[in-house]
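Read top to bottom, the protein sequences are chains A and B. Going by my numbering, the first residue of the first sequence is number 1, and it counts up by one from there. Going by my numbering, the first residue of the second sequence is number 337, and it counts up by one from there.
2 protein chains.
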Amino acid sequence: MEKTSRDPAMTDVARLAGVSHQTVSRVLNNHPNVREQTRLRVKAAIKELDYRPNRAARALVTGKTQLIGVVAQNSTLYGPASLLSAFEEAAGEAGFAVSVGRVKVLDRDSIAAAVERHRDQRVAGIVVIAPNSSAADALADVPAGVPLVTVDGDPDRSTPLVTVDQAKGAFDATKHLIDAGHETVWHVSGPADWFDAAGRVQGWRAALDATSAEVPPVVAADWSAASGYRAGQMLARMPEVTAVFCSNDHLALGVLRAMSERGRNVPHDVSVVGFDDVPEAAYFIPPLTTVRPDFAAVAHETLGLLLEQISDGETTRPRRTVAPTLVKRNSVAPPR
Amino acid sequence: MEKTSRDPAMTDVARLAGVSHQTVSRVLNNHPNVREQTRLRVKAAIKELDYRPNRAARALVTGKTQLIGVVAQNSTLYGPASLLSAFEEAAGEAGFAVSVGRVKVLDRDSIAAAVERHRDQRVAGIVVIAPNSSAADALADVPAGVPLVTVDGDPDRSTPLVTVDQAKGAFDATKHLIDAGHETVWHVSGPADWFDAAGRVQGWRAALDATSAEVPPVVAADWSAASGYRAGQMLARMPEVTAVFCSNDHLALGVLRAMSERGRNVPHDVSVVGFDDVPEAAYFIPPLTTVRPDFAAVAHETLGLLLEQISDGETTRPRRTVAPTLVKRNSVAPPR
DNA sequence: CGACCTGGTGTTATCGCTAACATCACCGGC
DNA sequence: GCCGGTGATGTTAGCGATAACACCAGGTCG
Numbered sequence: 001m002e003k004t005s006r007d008p009a010m011t012d013v014a015r016l017a018g019v020s021h022q023t024v025s026r027v028l029n030n031h032p033n034v035r036e037q038t039r040l041r042v043k044a045a046i047k048e049l050d051y052r053p054n055r056a057a058r059a060l061v062t063g064k065t066q067l068i069g070v071v072a073q074n075s076t077l078y079g080p081a082s083l084l085s086a087f088e089e090a091a092g093e094a095g096f097a098v099s100v101g102r103v104k105v106l107d108r109d110s111i112a113a114a115v116e117r118h119r120d121q122r123v124a125g126i127v128v129i130a131p132n133s134s135a136a137d138a139l140a141d142v143p144a145g146v147p148l149v150t151v152d153g154d155p156d157r158s159t160p161l162v163t164v165d166q167a168k169g170a171f172d173a174t175k176h177l178i179d180a181g182h183e184t185v186w187h188v189s190g191p192a193d194w195f196d197a198a199g200r201v202q203g204w205r206a207a208l209d210a211t212s213a214e215v216p217p218v219v220a221a222d223w224s225a226a227s228g229y230r231a232g233q234m235l236a237r238m239p240e241v242t243a244v245f246c247s248n249d250h251l252a253l254g255v256l257r258a259m260s261e262r263g264r265n266v267p268h269d270v271s272v273v274g275f276d277d278v279p280e281a282a283y284f285i286p287p288l289t290t291v292r293p294d295f296a297a298v299a300h301e302t303l304g305l306l307l308e309q310i311s312d313g314e315t316t317r318p319r320r321t322v323a324p325t326l327v328k329r330n331s332v333a334p335p336r
Numbered sequence: 337m338e339k340t341s342r343d344p345a346m347t348d349v350a351r352l353a354g355v356s357h358q359t360v361s362r363v364l365n366n367h368p369n370v371r372e373q374t375r376l377r378v379k380a381a382i383k384e385l386d387y388r389p390n391r392a393a394r395a396l397v398t399g400k401t402q403l404i405g406v407v408a409q410n411s412t413l414y415g416p417a418s419l420l421s422a423f424e425e426a427a428g429e430a431g432f433a434v435s436v437g438r439v440k441v442l443d444r445d446s447i448a449a450a451v452e453r454h455r456d457q458r459v460a461g462i463v464v465i466a467p468n469s470s471a472a473d474a475l476a477d478v479p480a481g482v483p484l485v486t487v488d489g490d491p492d493r494s495t496p497l498v499t500v501d502q503a504k505g506a507f508d509a510t511k512h513l514i515d516a517g518h519e520t521v522w523h524v525s526g527p528a529d530w531f532d533a534a535g536r537v538q539g540w541r542a543a544l545d546a547t548s549a550e551v552p553p554v555v556a557a558d559w560s561a562a563s564g565y566r567a568g569q570m571l572a573r574m575p576e577v578t579a580v581f582c583s584n585d586h587l588a589l590g591v592l593r594a595m596s597e598r599g600r601n602v603p604h605d606v607s608v609v610g611f612d613d614v615p616e617a618a619y620f621i622p623p624l625t626t627v628r629p630d631f632a633a634v635a636h637e638t639l640g641l642l643l644e645q646i647s648d649g650e651t652t653r654p655r656r657t658v659a660p661t662l663v664k665r666n667s668v669a670p671p672r
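Encoded structure:
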């Protein structure tokens with residue numbers, strides 16, 4: 001077995017190539033003033049030694065890391081999980097490593113602690129997936145000077161923000177139900193302190209207002225299928241309910257089950273629309289019409305906004321929304 | 337607006353506390369030979385300046401980072417996503433940052449590239465969530481000397497491995513169906529090259545063998561509800577099928593829909609069991625009996641194994657499995 | 001033809017920390 | 001009462017990169 005000697009450093013490459021370490025550094029950073037021949041010699045030496053630059057040393061001298069910190073809730077909710085995954089991929093492609101700080105609950109202290117951990121790491125920027133108001137509040141504590149982008153955060157706050165256009169998605173969904181002939185549309189909403197949920201309520205109401213339809217009371221739930229089921233049990237008993245827009249697909253699943261148990265056929269007795277387009281939505285009974293957010297686009301906008309801040313210190317257009325699309329399946333029909 | 341001066345460094349703390357920077361370092365690293373009074377003075381100075389050690393500088397001199405790299409597929413499959421989330425939380429609690437390298441497909445090249453990126457970062461250790469054989473193959477390329485733990489990987493390979501006891505979960509599920517009175521149990525399996533799927537097939541077969549039940553052919557699918565639906569359409573036409581064990585909950589969802597369309601009642605005509613216990617499983621129609629893996633336990637075992645390697649260079653017990661539990665709901669009944 | 005630029009390269013200082021050694025006061029033991 | 005040990009602290013030397021400047025050859029220009 002060979003003795004583990006230390007990893008090759010820049011000076012080792014320099015020695016092998018017969019140049020100074022500074023020239024190696026120039027090659028690595030694509031400085032213009034290096035002769036082509038020298039450049040090739042250095043590159044050959046790098047390859048031969050399997051040299052890889054020490055990021056710690058570079059970070060020490062430049063004062064910058066190639067790390068982005070993300071604060072996200074420790075949940076497996078489809079939306080946040082998809083978003084995170086998409087962001088990690090986008091950042092990776094841009095040459096940034098992503099360090100994820102999971103938080104059990106989205107309260108002020110937990111988020112502050114996660115942000116602190118990231119600052120300890122001296123991340124180049126921080127992304128906070130802050131879908132509810134307690135999370136948004138915590139951002140007030142984040143010192144200025146740290147590039148920061150919020151995703152799904154508070155639209156009324158001034159920090160750079162990227163978000164799915166919840167209102168538009170909800171509007172389209174509701175409009176689709178009205179266009180099918182329903183007099184009005186009921187709404188099972190997510191938790192009131194979530195901005196996503198609030199935006200969807202808003203879009204739903206706007207669609208009803210636009211057609212002068214009566215606005216029934218919001219049925220409040222959390223995001224779970226369980227709460228959707230409970231809401232559904234109530235709605236199933238009300239014969240005047242013929243169309244329900246649910247704030248996410250799992251709520252819709254719960255509603256579907258409640259309707260099925262009460263013998264109300266979906267879509268012929270009651271039409272249902274969800275939000276998120278989870279992969280299995282097409283296999284609900286019946287296949288669910290829903291709204292699909294473009295998480296990859298959100299991730300790219302977020303990264304763009306963050307990189308802008310990192311390089312310029314400022315952002316030109318600190319607010320971006322991404323429009324979702326309506327996916328039509330078989331859970332909507334005209335009322336009979 | 338204040339001019340942004342550089343972050344405080346150890347020497348700043350030292351000056352304020354009236355000691356040398358080395359003493360500050362000793363306080364930070366809990367060295368024994370520091371007078372209590374000095375220690376307090378230094379701590380006060382740290383607090384006053386909001387000093388935070390520069391990890392890059394520390395990493396540079398010690399040659400070690402507090403970073404763990406994870407390689408995971410860019411998917412929102414419930415199992416892997418839960419596992420990742422749990423691991424990030426566990427690592428965070430242990431004071432490690434987690435850098436996630438997402439990979440679009442689990443092939444050899446992608447994984448090798450992700451591992452390289454992590455080595456560039458000089459991570460202290462790497463976790464690879466390698467649920468299928470192409471991923472496992474890629475690990476052969478990882479040079480020795482990098483602490484590495486595989487999750488859901490190849491049981492036949494010699495790298496340290498943590499995994500859910502798939503066979504036991506499948507055995508229990510199958511046994512449960514047989515105990516309910518079914519003559520045999522059909523199986524809709526996940527992709528053949530996934531170890532999880534293979535383990536579940538094995539457990540299912542073992543349970544049938546143990547009771548001398550006939551072993552029907554495996555119905556191959558991928559993990560999606562779509563493929564479960566197709567499998568279900570076939571099974572629904574076969575009157576002799578009274579019990580189906582599905583390799584995950586989404587497959588089960590597809591099967592449920594196919595049964596429902598064919599007018600076969602679950603559980604009275606056909607019993608169905610899934611695997612994973614996704615949060616909405618209790619709200620399928622009917623509520624799904626399934627097997628729940630303990631992802632938090634897997635995460636902790638993984639972290640433990642990795643930290644052992646990081647500190648000792650070796651591992652005593654490089655293979656750990658975590659037993660899942662059967663969750664009984666309403667999708668199982670005696671045959672009629 | 002000497003002053004001056006400029007492209008290619010090397011030399012030196014520096015980032016903020018830890019390791020190793022140096023220093024010094026104080027202690028007990030022979 | 002001198003000597004070696006020990007606890008508390010300071011001093012110095014790196015870790016491996018980049019930045020800033022120095023240097024030198026060769027070409028341009030007045």
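Glycine included, every Cβ here is placed at the ideal spot set by N, Cα and C. Computed from a prediction, not measured in an experiment: that's the story for all the values here.
Around the Cβ of Ala323 (chain A), a 10 Å sphere holds fewer than 16 other Cβ atoms; the residue is exposed. Counting the other Cβ atoms within 10 Å of the Cβ of Leu376 (chain B) gives fewer than 16, which makes it exposed. In the DSSP assignment, His523 (chain B) falls within the unbroken beta strand (DSSP E) covering 522 to 525. Distance from the CA of Glu88 (chain A) to the CA of Leu67 (chain A), rounded to the nearest whole angstrom, comes to 11 Å. Ala408 (chain B) is not a Cβ neighbour of Ala448 (chain B), given a cutoff of 7 Å. Ranked by Cα distance from Thr174 (chain A), the first of A:Gly190, A:Val201, A:Trp194, A:Ala231 is A:Val201. Using a Cβ distance threshold of 7 Å, Gly526 (chain B) and Ala533 (chain B) count as a contacting pair. Counting only runs of 3+ residues, the beta strand (DSSP E) found wholly inside the segment 468 to 521 of chain B occupies 484 to 487, 497 to 500, in chain order. Only those residues of the segment 569 to 592 of chain B whose C-beta falls short of 8 Å from the nearest C-beta of chain A are listed: His586, Leu589, Gly590, Leu592. Minimum Cα-Cα distance from Val487 (chain B) among the listed residues B:Pro670, B:Val498, B:Arg493, B:Gly481 corresponds to B:Val498.
Contact check for Arg329 (chain A) against Pro287 (chain A) passes: the beta carbons are separated by less than 7 Å. At least one CB atom of chain B sits nearer than 7 Å to the CB of Glu89 (chain A). Under DSSP, Ala243 (chain A) takes part in a beta bridge, and its partners are A:Ser271. Judged by their CB atoms, Val24 (chain A) and Val34 (chain A) are not nearer to each other than the 7 Å cut-off.
Residues of the segment 274 to 295 of chain A with a Cβ closer than 8 Å to any Cβ of chain B, in chain order: Pro279, Glu280, Ala282, Tyr283, Phe284, Ile285. Here DSSP, grouped into helix, strand and coil, assigns Thr374 (chain B) to helix.
Taking C-beta separations shorter than 8 Å and ignoring five residues to either side along the sequence, the partners of Lys43 (chain A) in its chain run Val27, following chain order.
Counting C-beta pairs closer than 8 Å gives fewer than three between the segment 219 to 227 of chain A and the segment 270 to 283 of chain A, which falls short of the contact rule. Contact note: Leu643 (chain B) does not reach chain A at a C-beta cutoff of 9 Å; the least C-beta distance is about 18 Å. Under the 7 Å criterion on CB atoms, Asp222 (chain A) is classed as non-interfacial with respect to chain B.
Counting of Cβ neighbours within 10 angstroms places Ala192 (chain A) among the exposed residues, the total staying below 16. Remark: fewer than three beta-carbon pairs, one from each stretch, lie closer than 8 Å, so the segment 586 to 600 of chain B and the segment 225 to 242 of chain A are not flagged as touching. Counting the other CB atoms within 10 Å of its CB gives Lys400 (chain B) a total below 16, which places it among the exposed residues. DSSP places Ile310 (chain A) in the helix class (H, G or I) of the three-state scheme.
Under the DSSP definition of a beta bridge, Arg388 (chain B) lacks any partner.
Secondary-structure assignment with DSSP links Trp194 (chain A) through a beta bridge to A:Asn132.
In this structure, the straight-line span from the alpha carbon of Asp156 (chain A) to that of Ser110 (chain A) is close to 22 Å. Residues of chain B with a Cβ closer than 8 Å to the Cβ of Thr65 (chain A) are, in chain order, Ala392. Given a length threshold of 4 residues, each whole run of the alpha helix (DSSP H) inside the segment 389 to 429 of chain B is given here in chain order: 391 to 398, 414 to 429.
Taking the C-beta atoms as reference points, Leu235 (chain A) is found no nearer than 7 Å to Val291 (chain A).
The C-beta of Ala476 (chain B) has fewer than 16 other C-beta atoms within 10 Å across all chains shown, which makes the residue exposed.
For Thr76 (chain A), the residues of chain B that pass the 8 Å Cβ criterion are Tyr414, Ala417, Ser418, Ser421, Pro615, in the order they occur in the chain. Within a 10 Å sphere around the beta-carbon of Val500 (chain B) sit 16 or more other beta-carbons, which makes this residue buried.
At a cut-off of 7 Å between beta-carbon atoms, Asp120 (chain A) makes contact with chain B. Excluding residues up to 5 positions away in sequence, Val71, Ile126, Val142 lie with their Cβ nearer than 7 Å to the Cβ of Val115 (chain A) in the same chain.
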